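Below is one structure; the comments refer to it alone.
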Amino acid sequence: MDIIPNSEILLRLLVTLIIAFLLGLEREFKHQPAGIRTHVLIWVGSCLLMILSILVPEMYNSNINDPGRIAAQVVSGIWFLGAGAIIKLWVDTRGLTTAANIWVTAAIGLVIGAGLYFAAFVATAIILIDLILITEFKKRFLIASRFCTIDVYFSQKNGETKKVYKQIKKLPLSVISKHIKEDGKQVHLKIISKIKKNEDIFAIKNSIKALANIEKISVSESVKA
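Quick look at the structure:
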């Protein structure tokens, strides 16, 4: 008789999926890098490894040399591999889902190695739903965040920096951070901001360019889907 029947394994994985989806959805609305897919992958992997830790000692009737300790070593070690998949690009982070996918794949390998095939198949199905269907859900119903870096150069005059920044803040963008560099004659104002999905970045650039005393401007952007 199974210590944890297949129906209970299915229930635990589905509950994990639902809670991870809801918490990941909240992160998506706040435009955080770890969203729905990353949350589901990590939570399902954690659930699998917890099930594994419970079942392995009983399956192998081991109290001293617990085979479950191997899972703990893999969990801590696999993040060294996953961390290599994470790339930080200014305010945009990429590779979190790939790193989480590597981690949960290791969890599935451990579960299969322990002979828990049902748990492995259910987890694989959930992960495929996460990576394929949830990706489509995000594309259709969630607005992508667009981040842009604005570099503005203008002549240094009394109160000019404050005036330019005040005008920029009136544009349809949300300022995340700003950096001011002065060399005595020219001011370099660097602004990292967030804009809406359908906002025209060229229109924003032209609006800034039309301000008085602007000598040079450049705008670059990145998109988080």
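Note that the numbering used here has the sequence shown beginning at 36, numbered continuously upward. Think of the CB as a built atom: it goes at the ideal place given N, C-alpha and C, for glycine as much as any other residue. It should be emphasised that the depicted structure is a prediction, and the values quoted were computed from it without experimental measurement.
Under a Cβ-count criterion, where at least 16 other Cβ atoms within 10 Å of its own Cβ denotes burial, should residue i be classed as buried or exposed?
{"i": "valine 50", "result": "exposed"}
{"i": "phenylalanine 56", "result": "buried"}
{"i": "leucine 189", "result": "According to the sequence displayed, residue 189 carries phenylalanine and not leucine. Looking at its Cβ environment, which holds 16 or more other Cβ atoms inside 10 Å, phenylalanine 189 is buried."}
{"i": "glycine 59", "result": "buried"}
{"i": "isoleucine 38", "result": "exposed"}
Since residue i and residue j should fall inside the 8 Å C-beta cutoff, what is the C-beta to C-beta distance between them, to a whole number of angstroms?
{"i": "leucine 246", "j": "glutamine 191", "result": "Incorrect: roughly 15 Å between the Cβ atoms, too far for contact."}
{"i": "phenylalanine 153", "j": "isoleucine 44", "result": "6 Å"}
{"i": "lysine 229", "j": "arginine 181", "result": "7 Å"}
In terms of alpha-carbon separation, which member of the options lies closest to residue i?
{"i": "valine 254", "options": "Lys231, Lys204, Ile227, Asn233", "result": "Ile227"}
{"i": "serine 88", "options": "Ile53, Gly150, Ile71", "result": "Gly150"}
{"i": "leucine 166", "options": "Leu131, Asp218, Glu43", "result": "Leu131"}
{"i": "leucine 224", "options": "Glu234, Lys231, Ile239, Ile249", "result": "Ile249"}
{"i": "glutamate 195", "options": "Lys173, Asn96, Asn241, Val222", "result": "Val222"}
{"i": "threonine 184", "options": "Lys213, Thr73, Ala142", "result": "Lys213"}
{"i": "leucine 145", "options": "Ala160, Met85, Ile161", "result": "Met85"}
Identify every residue that forms a DSSP beta bridge with residue i.
{"i": "aspartate 15", "result": "Any property of residue 15 remains undetermined from this structure, which presents the chain solely from 36 to 260."}
{"i": "valine 187", "result": "Leu224, Ile252"}
{"i": "serine 209", "result": "Lys229"}
Got a sec: is the Cβ-Cβ distance from residue i to anything in chain E below 8 Å?
{"i": "isoleucine 167", "result": "Annotation note: the requested chain E is absent from the structure, which comprises a single protein chain."}
Runs of alpha helix (DSSP H) lying entirely within the stretch 133-174, each at least 4 residues, in chain order | 152-163
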